Each structure stands twice: as structure tokens, then as C-alpha cells.
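Residue numbers (my numbering): 8 to 139.
This report concerns only the one structure given below.
Next up, the structure:
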């Protein structure tokens, strides 16, 4: 297990789903790990999480980016994200998204869902497989 992977995944979970609690963070972690296992994506969790324009909290123009870079484990949500990320990177986290490689918030509509398969609806996010 790479500690950089755990830290980067945890920061991604915190940036993307800190208001969603454990289930929401687990689902985002599942998407990251499902992408790691898919040859279309980078082969490490950190590379998947920070791939340009994939997880919006890492976008340079996103106000969350500075926050996720500065957060410490004294923040309860980040401490939770670290535990979930550790389980994800070690391979012991159950997949509650049914293999999803993509997700978005319910508040928006995105073009790439047209021919995709909805695999889970958790909290304020919708998760998909078979995204072309």
C-alpha cells in the first residue's frame, strides 16, 4: 500500500463527498478503485484521483482545491476519509456502487449518461457503469 495513494484518495473523498458521510465517501472511493482496475484509466489510485478534469475538487479553478490541500486529520470528516481510503487502497472496501466508474451530483445533467447504465443512487450522487 502506498501512503501517497491513501492520502490522495482521502483528500479526494473529502473534497468530493465530505457532506455525504461514510456512505458517500465510500462510493467515491469505489469509483476510484474501479477505475484503477479498468485499463482505460491510470493504474494507481493517486493518478486516477488527480487525473485532469475527472474529480472536480482537484480542478485548479475549484475553490475546494485549496481546502483539500490544507485539511488535516484533526478534521473529523478527513479522519473518516483517511480510514475509508486506507480500506479502499488495501482492497478491503466493499463496492456499493456495483462497479461504477463515473458519478455526478443529482443537481446536474451530463451528456455522458445518455447511454450509460445507472448502477447506484446514493445520497446526492448518481453512479454509472458502461460509460462510453
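In this text, a Cβ means the ideal position worked out from N, Cα and C, and glycines have one as well.
Owing to the predicted nature of the structure, the values given are computational and were not obtained by experimental measurement.
Rounding to the nearest angstrom, what Cα-Cα distance links residue i and residue j in this structure?
i, j, result
"residue 20", "residue 51", "16 Å"
"residue 69", "residue 99", "31 Å"
"residue 33", "residue 91", "6 Å"
"residue 63", "residue 22", "8 Å"
"residue 82", "residue 58", "25 Å"
"residue 61", "residue 46", "16 Å"
"residue 115", "residue 88", "25 Å"
"residue 119", "residue 9", "32 Å"
"residue 53", "residue 44", "13 Å"
"residue 129", "residue 105", "12 Å"
"residue 134", "residue 71", "21 Å"
"residue 11", "residue 121", "35 Å"
"residue 76", "residue 84", "14 Å"
Of the choices the options, whose alpha-carbon is the least far from that of residue i?
i, options, result
"residue 15", "36, 30, 119, 106", "36"
"residue 123", "115, 110, 129", "110"
"residue 65", "97, 17, 89", "17"
"residue 74", "87, 25, 102", "25"
"residue 41", "121, 119, 88, 103", "103"
Give me the Cβ distance between residue i and residue j, rounded to the nearest whole Å; I'm assuming they're in contact under 8 Å.
i, j, result
"residue 78", "residue 108", "In fact, because the Cβ distance is near 26 Å, the residues do not count as touching under 8 Å."
"residue 3", "residue 126", "Summary: the structure shown does not reach residue 3, with the chain confined to residues 8 through 139, and so no result is reported for it."
"residue 27", "residue 131", "7 Å"
"residue 55", "residue 48", "5 Å"
"residue 96", "residue 13", "5 Å"
"residue 80", "residue 86", "5 Å"
Following the continuous alpha helix (DSSP H) through residue i, name the residue where it begins and the one where it ends.
i, result
"residue 34", "28 to 43"
"residue 144", "Coverage of the chain is limited to positions 8 through 139, which leaves residue 144 absent and any answer about it impossible."
"residue 85", "83 to 97"
"residue 54", "52 to 56"
"residue 21", "10 to 24"
"residue 72", "71 to 77"
In the DSSP output, which residue or residues are listed as bridge partners for residue i?
i, result
"residue 110", "134"
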